[in-house]
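Participant:
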Amino acid sequence: MIHHKAVIGAGFGDEGKGMFTDYLCRNAEHPLVIRFSGGQQAGHTVVHKGIRHVFSNFGSGTLRGAPSYFAKFCTIDPVGIINELDALLEKGVEPLLFIDAECPVTTPYDIRYNQQNHPHGSCGVGVGATFNREEHFYSLTFADLFYPWVLETRLQLIRDFYREYITDADDVEVDDFLHCCSVITRSPWVRISRGLPPGESGEFSDYIYEGSQGLLLDQHYGFFPYVTRAHTGTKNILALCMAEKLDIYLVTRAYQTRHGDGPMSNEGLPHTIQQNPLETNVRNHFQGKFRRSLLDLSLLEYAIQRDKLIFSASDKKFVITCLDHIRDDHQFTLQGQIFHFKNESEFIERIARHLRIKTVYTSSSEDCTEIIRKDF
74 MIHHKAVIGA GFGDEGKGMF TDYLCRNAEH PLVIRFSGGQ QAGHTVVHKG
124 IRHVFSNFGS GTLRGAPSYF AKFCTIDPVG IINELDALLE KGVEPLLFID
174 AECPVTTPYD IRYNQQNHPH GSCGVGVGAT FNREEHFYSL TFADLFYPWV
224 LETRLQLIRD FYREYITDAD DVEVDDFLHC CSVITRSPWV RISRGLPPGE
274 SGEFSDYIYE GSQGLLLDQH YGFFPYVTRA HTGTKNILAL CMAEKLDIYL
324 VTRAYQTRHG DGPMSNEGLP HTIQQNPLET NVRNHFQGKF RRSLLDLSLL
374 EYAIQRDKLI FSASDKKFVI TCLDHIRDDH QFTLQGQIFH FKNESEFIER
424 IARHLRIKTV YTSSSEDCTE IIRKDF
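Using the working numbering, the final residue of the sequence shown is 449, and nothing's skipped along the way.
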């Protein structure tokens, strides 16, 4: 029997989903990590045996030897895959990546368009542009990469499509992209899959669904237009499998974060959140500043209620990361009122009680290997 476990961000992203995915893989016999939303814009940091890696194109269980599967709901970036594969191999890690034949492929044209048009906090790597192009029927999927004439013909048609939207479409460099497409189709570390891949030595013991971004960036739950072009909750998971039981792990930092433009509550309130010298999320040209504020319990409650399966799950778990970033005064807001707590334990217990959570996992930071379970 396969155990189904979903790791879902409860906020605006950057909560620590990669770290907890790694933790679940550590405690599973033969896990498969399934990316079910978004694409190459994820940046999930994992540390294991002295190796630190930020995962975008592979699942966050890779350092534990867990294969990854990108479902058809995810975009893929051939150049990003090859660059990350090379980085992993240089670290002595040999990954295994299954990609669904129907995954939309991000092209250099999508990236150029995205980087010239990024008013809503985009990462600038072409994910939203790829989904938008696919909706206009100019499709390129992973299966197409295995047929050179099909690939080159579709790429030319995509260039023609973008001539209306970017002035320098004819100048976009595609040689590296085509080279990486060719390398991927021959790579022993990357395989095509039509649906969920079978286990090489029998069934996988666990399907670990690794989310991207957070519930408050979902294209339907979030604050449009400052959203991601994806279903970040359970919708895609349910389309992939009809599991009788899905263990849901909702992840948040001990404070609120948002990388990029868009609404975020509590920004004007004073706080004691410390800077993390190892922070993966830093200011960049496309997203801008990495923003932090007091945890908003009302927003977490709202996000949970928007996803019917999450809301109805009586045994959902909560994961609170980066607790060591809070100094002296543990606080959250609830319906605009600030609540102060004398210690970490009281802070965690009050969150669990208000959200009706029976089990909470805590960690000190994104680089901490020790995760503590607390039952209430």
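From the three backbone atoms N, C-alpha and C, an ideal C-beta is built for every residue, glycine too. In this text the structure is predicted, and so the values were computed from the model without any measurement.
On the CB-based measure, 16 or more other CB atoms within 10 Å of its CB, does Pro336 come out buried or exposed?
Facilitator: Taking the first residue of the sequence shown as position 1, residue 336 is located at position 263. With fewer than 16 other Cβ atoms within 10 Å, it is exposed.
Participant: Which residues in the same chain as Asn309 place their Cβ atom closer than 6 Å to its Cβ, once the five residues preceding and following it in sequence are excluded?
Facilitator: Numbered from 1 along the sequence shown, position 236 holds the residue referred to as residue 309. Once the five neighbours on either side are set aside, the close Cβ partners of Asn309 are Phe109, Ser110, Phe146.
Participant: Using CA atoms only, rank isn't needed, just tell me which of Ser437, Gly132, Glu340 is closest to Ser418.
Facilitator: Numbered from 1 along the sequence shown, position 345 holds the residue referred to as residue 418. Checking every option, the nearest Cα to that of Ser418 belongs to Ser437.
Participant: I'd like to know whether the C-beta atoms of Gln180 and Leu213 end up nearer to each other than 8 Å.
Facilitator: Position 107 of the sequence shown, counted from the start, is the residue given in the question as residue 180. Position 140 of the sequence shown, counted from the start, is the residue given in the question as residue 213. According to the sequence displayed, residue 180 carries Thr and not Gln. Their beta carbons are under 8 Å apart, which means Thr180 touches Leu213 by this criterion.
Participant: Can you check which of these residues, Leu230, Arg364, Thr118, is closest to Ala242 by C-alpha distance?
Facilitator: The residue labelled residue 242 in the question sits at position 169 within the sequence shown. Comparing Cα-Cα distances from Ala242 to each of Leu230, Arg364, Thr118, the minimum goes to Leu230.
Participant: What is the DSSP secondary structure of Leu319, reduced to helix, strand or coil?
Facilitator: Within the sequence shown, numbered from 1, the residue matching residue 319 stands at position 246. Strand at Leu319.
Participant: Run the CB neighbour count on Asp401, radius 10 Å, all protein chains shown included, and call it buried at 16 or more, exposed below.
Facilitator: The count along the sequence shown starts at 1 and reaches residue 401 at position 328. Classification for Asp401: exposed.
Participant: Taking the alpha carbon of Leu251 as the reference point, which residue from Tyr282, Gly341, Asp233, Leu218 has its own alpha carbon closest?
Facilitator: Taking the first residue of the sequence shown as 1, we reach residue 251 at position 178. Closest by alpha carbon: Leu218.
Participant: Thinking Val127 and Thr135 are a contact (beta carbons under 8 Å), I'd like their distance in whole angstroms, please.
Facilitator: Against the sequence shown, residue 127 aligns to sequence position 54. Against the sequence shown, residue 135 aligns to sequence position 62. Between Thr135 and Val127 the Cβ distance is about 11 Å, and since that is not below 8 Å, they are no contact.
Participant: Do Pro168 and Trp262 have their C-beta atoms closer together than 8 Å?
Facilitator: As a first step, residue 168 is located in the sequence shown; it is residue number 95 there, counting from the start. As a first step, residue 262 is located in the sequence shown; it is residue number 189 there, counting from the start. Their beta carbons are under 8 Å apart, which means Pro168 touches Trp262 by this criterion.
Participant: Taking 8 Å as the threshold (C-beta atoms), are Ser366 and His332 in contact?
Facilitator: In the sequence shown, the residue the question calls residue 332 occupies position 259. In the sequence shown, the residue the question calls residue 366 occupies position 293. Cβ atoms of His332 and Ser366: not closer than 8 Å.
Participant: What's the C-alpha gap between Arg364 and Thr226?
Facilitator: Residue mapping note: residue 364 aligns to position 291 of the sequence shown, counting from 1. Residue mapping note: residue 226 aligns to position 153 of the sequence shown, counting from 1. Going from the Cα of Arg364 to the Cα of Thr226 covers about 43 Å.
Participant: Just to confirm before moving on: does the CB-CB distance between Ser285 and Thr307 stay below 8 Å?
Facilitator: Along the sequence shown, read from residue 1 onward, the residue named residue 285 stands at position 212. Along the sequence shown, read from residue 1 onward, the residue named residue 307 stands at position 234. Going by C-beta atoms, Ser285 is not nearer than 8 Å to Thr307.
Participant: Which residues in the same chain have their Cβ closer than 7 Å to the Cβ of Ile257, if we skip the five residues on either side of it in sequence?
Facilitator: By one-based count along the sequence shown, residue 257 stands at place 184. Answer for Ile257: Pro151, Ile154, Ile155, Leu218, Val263, listed in chain order.
Participant: Could you tell me whether the segment 373 to 392 touches the segment 312 to 330, where touching means 3 or more Cβ pairs closer than 8 Å?
Facilitator: Enough Cβ pairs lie closer than 8 Å, so yes.
Participant: Under 8 Å between the Cβ atoms of Val392 and Ile281?
Facilitator: Locating residue 392 in the sequence shown gives position 319, where the first residue counts as 1. Locating residue 281 in the sequence shown gives position 208, where the first residue counts as 1. It is not a contact, given that the beta carbons lie outside the stated cut-off.
Participant: Smallest Cα separation from Lys415: which of Thr94, Glu207, Asn339, His403?
Facilitator: Here residue 415 is taken as the residue at index 342 of the sequence shown, counted from 1. Here the closest residue by C-alpha is His403.
Participant: For the beta strand (DSSP E) containing Ile81, list its first residue and its last residue.
Facilitator: As a position in the sequence shown, residue 81 is number 8, starting the count at 1. Where Ile81 is concerned, the enclosing beta strand (DSSP E) stretches over 76 to 82.
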